[in-house]
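If you read the sequences in order, they're chains A and B. With the working numbering applied, the first sequence corresponds to residues 383 to 736, in that order. With the working numbering applied, the second sequence corresponds to residues 2 to 464, in that order.
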Amino acid sequence: MNSAELTWTLPHAVAGVMVLSLNAYVLLGGADFGGGVWDLLARGRQRDEQRALIAEAIGPIWEANHVWLILVVVLLFTCFPRAYAHLATALHVPITLMLIGIVLRGSAFTFRTYDSTRDSVQRRWGRIFSVASVATPVLLGLCVGAVASGRVPLSGSVPGLNAPGLTFVDRFITPWAASPFGWAVGGLALALFAFLAATYLTVEAQESSLRETFRRRALQTQMALLVSAALTIVLAARDAPLVFEGLTRGSVALGMHAVTAVAAVTSIVALSRRAYATARLAAAAQASFILWGWAWSQFPVLLPPDGSITALAAPRVTLTLVLSVLAVGTLILLPSFVYLFRVFKRGNTAFGHD
Amino acid sequence: MSDLFAARSQMAVSLAFHIIFAVVGIGMPALMVIAEGRWLRSQDPVMLELAKRWAKGTAILFAVGAVSGTVLSFELGLLWPTFMEHAGAIIGMPFSLEGFAFFTEAIFLGIYLYAWKLISPRAHFAAGLVVAVSGALSGAFVVCANAWMNAPTGFRLVDGRVTDIDPIAAMFNAAAPTEVLHMTLAAFAATGFAVAGVHAYALRRGTPHRAFHRAALQIALAVGVPAAMLQPLSGDLSARDVADRQPIKLAAMEGHLKTGPAAFVIGGWPDENTLEHRGAIEIPGALSLLLHGDADAIITGVDAVPADERPPLAVVHIAFQVMVACGMAMAALGVWTLVRAWRRRRGRGVALPDDRRFLAAVMLASPLGFVALEAGWTVTEVGRQPWIVQGVMRTADAVSPMPGLVVPFIAFTLLYIGLAITVVFLLRRQILKTGVRGAVPVGLTGEMPIPTPARPGRTVGGS
Numbered sequence: 383m384n385s386a387e388l389t390w391t392l393p394h395a396v397a398g399v400m401v402l403s404l405n406a407y408v409l410l411g412g413a414d415f416g417g418g419v420w421d422l423l424a425r426g427r428q429r430d431e432q433r434a435l436i437a438e439a440i441g442p443i444w445e446a447n448h449v450w451l452i453l454v455v456v457l458l459f460t461c462f463p464r465a466y467a468h469l470a471t472a473l474h475v476p477i478t479l480m481l482i483g484i485v486l487r488g489s490a491f492t493f494r495t496y497d498s499t500r501d502s503v504q505r506r507w508g509r510i511f512s513v514a515s516v517a518t519p520v521l522l523g524l525c526v527g528a529v530a531s532g533r534v535p536l537s538g539s540v541p542g543l544n545a546p547g548l549t550f551v552d553r554f555i556t557p558w559a560a561s562p563f564g565w566a567v568g569g570l571a572l573a574l575f576a577f578l579a580a581t582y583l584t585v586e587a588q589e590s591s592l593r594e595t596f597r598r599r600a601l602q603t604q605m606a607l608l609v610s611a612a613l614t615i616v617l618a619a620r621d622a623p624l625v626f627e628g629l630t631r632g633s634v635a636l637g638m639h640a641v642t643a644v645a646a647v648t649s650i651v652a653l654s655r656r657a658y659a660t661a662r663l664a665a666a667a668q669a670s671f672i673l674w675g676w677a678w679s680q681f682p683v684l685l686p687p688d689g690s691i692t693a694l695a696a697p698r699v700t701l702t703l704v705l706s707v708l709a710v711g712t713l714i715l716l717p718s719f720v721y722l723f724r725v726f727k728r729g730n731t732a733f734g735h736d
Numbered sequence: 002m003s004d005l006f007a008a009r010s011q012m013a014v015s016l017a018f019h020i021i022f023a024v025v026g027i028g029m030p031a032l033m034v035i036a037e038g039r040w041l042r043s044q045d046p047v048m049l050e051l052a053k054r055w056a057k058g059t060a061i062l063f064a065v066g067a068v069s070g071t072v073l074s075f076e077l078g079l080l081w082p083t084f085m086e087h088a089g090a091i092i093g094m095p096f097s098l099e100g101f102a103f104f105t106e107a108i109f110l111g112i113y114l115y116a117w118k119l120i121s122p123r124a125h126f127a128a129g130l131v132v133a134v135s136g137a138l139s140g141a142f143v144v145c146a147n148a149w150m151n152a153p154t155g156f157r158l159v160d161g162r163v164t165d166i167d168p169i170a171a172m173f174n175a176a177a178p179t180e181v182l183h184m185t186l187a188a189f190a191a192t193g194f195a196v197a198g199v200h201a202y203a204l205r206r207g208t209p210h211r212a213f214h215r216a217a218l219q220i221a222l223a224v225g226v227p228a229a230m231l232q233p234l235s236g237d238l239s240a241r242d243v244a245d246r247q248p249i250k251l252a253a254m255e256g257h258l259k260t261g262p263a264a265f266v267i268g269g270w271p272d273e274n275t276l277e278h279r280g281a282i283e284i285p286g287a288l289s290l291l292l293h294g295d296a297d298a299i300i301t302g303v304d305a306v307p308a309d310e311r312p313p314l315a316v317v318h319i320a321f322q323v324m325v326a327c328g329m330a331m332a333a334l335g336v337w338t339l340v341r342a343w344r345r346r347r348g349r350g351v352a353l354p355d356d357r358r359f360l361a362a363v364m365l366a367s368p369l370g371f372v373a374l375e376a377g378w379t380v381t382e383v384g385r386q387p388w389i390v391q392g393v394m395r396t397a398d399a400v401s402p403m404p405g406l407v408v409p410f411i412a413f414t415l416l417y418i419g420l421a422i423t424v425v426f427l428l429r430r431q432i433l434k435t436g437v438r439g440a441v442p443v444g445l446t447g448e449m450p451i452p453t454p455a456r457p458g459r460t461v462g463g464s
């Protein structure tokens, strides 16, 4: 990457904010999905305790966590309307499936919390909640994979995609569902979210055997995460040359991978030594650098192969106003968030929820 | 079913579903905060219990509103990519503001619901206030964006391309003030009346917790009645506004089919081909008089534009009449309530919660606000057809090129029907737990029983 391309502009700033809120969504909303995965896999004598712990950890903040995704979408359609319109068309099918997952997951969680405490009822909501929690991250990963590998280029930039004679499957299914790389990214997202949740839960757990369970699971999913990350890169080399090139070019990309690796090792060591707070921090850093690694790999392109951030951006006045709204909004939101987390996460008080 | 019709139907189902929960997210926080405020002042445990139970109902409904709102933010692009491609940069700002308002509401609702025992009562009350204010604001922002579709401004079209964008002018478009006012009042009226109906039902059936339900009825009516009584005035402002800016929409609403002095048309079925009414009661000159103070004033009729620029006449006219009828009934009940309350204050008549006829009326009026809300949105959305942006872009030109849109339409319809049934079922159970029928044991889920003055000395957790 030469230095001329590195000139930061307003569109890049907005794109950066979008990755930031996606980062928040991964760390917070992602962990909620991961919680659902562990709900599905709850086993053994302490099955009910595991589920109660997950519900308690998600409870007060689940709603706020998922607004990050709305923020990403709103920024996309305000600041990059052409990209939004294009993605919503080309990825209509997986986005729709993902939405169904989001609806079922969110409502099933609430219904379970407020519905009767009878076991059969709880199980029914729990099942919907957990299955939707598994499917949604995979679909999210498939969408990201399709975008990153340039399989949903803007019309016209790659000949053939809108050519007459193409079937529905050619146009709306194959781009995201047919590449092993996409599925690897889906698997990566799932493993990442499950890993984050397990690591967070070691901090949340009050009781030592529960904590041990989630410590073991965090270590196991870290292994799964490392395997799927390696698989993603291997498949990228064959399947998604754009991504592979982006991930391996330049010192910044390699530096980011190095930081990711350090964070991964730190989290493994911290989990082994039962330093849970450190493990949580390292896990969050690892997840963030994976995300930023992807963002950097396609910078300055928004829609690979050639839809650049600047070319797709809305007029300057819109971007300026949105950035001002973001600044003012942050002034209100940040203290609110600090307050929210301080109220609920200090030494984990009993939840006064009655 | 054509793709365009499927897309419109999916949008209609999604909006009709979401709007109920969005409105509850505006109205319920007001109720619960009032109850909590009264508890802070009087230390009356009934008020605290009321705030807690309303908060719980809010939680269930808010969650559904949040997920259905997420769906809508994607559906704008899934169904109308061409619209968003051109409009996104123009009206994205109110959506961003709404995002922040909603974020704030979600954060403080989390605190409100789960931190009863973690923060001081005053801080808790303040959190509730933030929920109520940000809820009302987020509704106002979204309605600004919708108003822009009725009164598009803040841009220029040059050779089919959008230039000279002014997002601030777009957000504060000419239709925004009346639409925001009408929608906000509707939210308080609909929620207030719906909640009042539930508690009127409990009082009428007989309940061991009369004090609880009386307090609830009083607060719900205090929110619903003023809003319902102001709503006809706000509706008049809106109608004048629509008459100026979207004369064809107004003509379709009022069933004014042919340009000329306008009658007030009650009922009837407008025939799209002959432009004649069937079975309508007409008061000649009344609409001209209402709009211009002159019974002979010429009002633009539906016939002023070619057939392909007219909305579906019957749907718009009937929806409008349903909305007006519901609104008038609610306002009339409001007047009755005030008269009775005033008489009671002068020492005459029985207290309202003891009057079975009054309670029956409140029960009957309970769904009217939501019926009016759905009908009103039908008027504003269907009445704008065939335009997605009035006079600028046709709905048919905005729809997704993906074939087979009937499939997601059916999928989301089934999903929403399932959710609606579940929500009704859950709320019913929540309400039953308040001891509507004496036979249902209170505290089924280990909750504290509702405190009643008959059992002095009981305190409820949270203080």
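Each residue gets a CB set at the ideal place from its N, CA and C atoms; glycine is no exception.
The segment 408-421 of chain A and the segment 511-521 of chain A touch, with three or more beta-carbon pairs separated by less than 8 angstroms.
Taking a beta-carbon distance threshold of 9 angstroms, I484 of chain A counts as an interface residue toward chain B. Rounded to whole angstroms, the Cβ separation of L617 of chain A and F563 of chain A is 4 angstroms, and the two are in contact under 8 angstroms.
In this structure, DSSP gives R533 of chain A a state outside helix and strand, which the three-state scheme calls coil.
Closest in C-alpha terms to Y466 of chain A, from the list A:I691, A:L703, A:A709, comes A:I691. Between V529 of chain A and L453 of chain A, the C-beta spacing is not below 9 angstroms. Neighbours of E382 of chain B across chain A, judged by C-beta separation under 8 angstroms, do not exist; the nearest C-beta is about 20 angstroms away. Straight through space, the alpha carbons of R464 of chain A and E86 of chain B are spaced by roughly 5 angstroms.
For T105 of chain B, the residues of chain A that pass the 8 angstroms Cβ criterion are I714, L715, S718, in the order they occur in the chain. Chain order gives the chain A residues near M94 of chain B as T460, T700, L703, V704, V707, where near means a beta carbon separation below 8 angstroms. The residue from B:R279, B:A287, B:A88 with its alpha-carbon nearest to that of R162 of chain B is B:A88. Leaving aside the five residues that flank I650 of chain A on each side, the residues in its chain whose CB is nearer than 8 angstroms to its CB run, in chain order, L601, Q604.
Within the model, the alpha-carbon separation for D167 of chain B versus I91 of chain B is close to 7 angstroms.
According to the DSSP assignment, T660 of chain A belongs to the alpha helix (DSSP H) that extends over 658-680. Interface residue (Cβ-Cβ distance to chain A less than 9 angstroms): G111 of chain B is classified as such. Within the same chain, and ignoring the five residues on either side of M48 of chain B in sequence, the residues whose Cβ sits closer than 8 angstroms to its Cβ are A36, E37, R39, W40, A216. When CB distances to chain A are screened at a threshold of 9 angstroms, the residues of the segment 73-92 of chain B falling below it are S74, F75, E76, L77, G78, L79, L80, W81, P82, T83, F84, M85, E86, H87, A88, G89, A90, I91, I92, in chain order. Ranking A:P535, A:L486, A:S531 by CA distance to the CA of S512 of chain A puts A:L486 first. Per DSSP, reduced to three states, the secondary structure at L406 of chain B is coil, with no helix or strand assignment. For a Cβ distance threshold of 7 angstroms, residue set T478 of chain A lies close to P409 of chain B, ordered along the chain. For F626 of chain A, the closest Cβ of chain B is not nearer than 9 angstroms. Around the beta-carbon of G225 of chain B, 16 or more other beta-carbon atoms lie within 10 Å, marking it buried.
Cβ contact annotation for L420 of chain B (same chain, cutoff 7 angstroms, sequence separation greater than five): V65, in chain order. Closer than 9 angstroms to the CB of I452 of chain A there is at least one CB belonging to chain B. Within the same chain, Cβ atoms closer than 8 angstroms to the Cβ of V306 of chain B are found at I249, the five residues on either side in sequence being excluded. With respect to chain B, the C-beta atom of Y466 of chain A has a partner C-beta closer than 9 angstroms. For P463 of chain A, the chain B residues whose Cβ falls inside 8 angstroms of its Cβ are M85, E86, H87, A88, G89, A90, G93, in order along the chain. When only Cα atoms are considered, H183 of chain B and T379 of chain B end up about 14 angstroms apart. Under the three-pair Cβ rule at 8 angstroms, the segment 317-326 of chain B counts as touching the segment 253-266 of chain B. Residue pairing from DSSP places M394 of chain B in a beta bridge opposite B:V390. Along the length of the segment 674-720 of chain A, whole beta strand (DSSP E) runs at least 3 residues long occupy 683-685, reported in chain order. Nearest to P402 of chain B by C-alpha distance, out of B:F189, B:D297, B:W81, is B:W81.
With at least 16 other beta carbons inside 10 angstroms of its own, R9 of chain B counts as buried. Between A137 of chain B and V449 of chain A, the CB-CB gap reaches or exceeds 9 angstroms. Linking D160 of chain B to L258 of chain B through their CA atoms gives a straight-line distance of about 34 angstroms. Within chain A, no C-beta atom comes less than 8 angstroms from the C-beta of A36 of chain B; the nearest is roughly 16 angstroms away.
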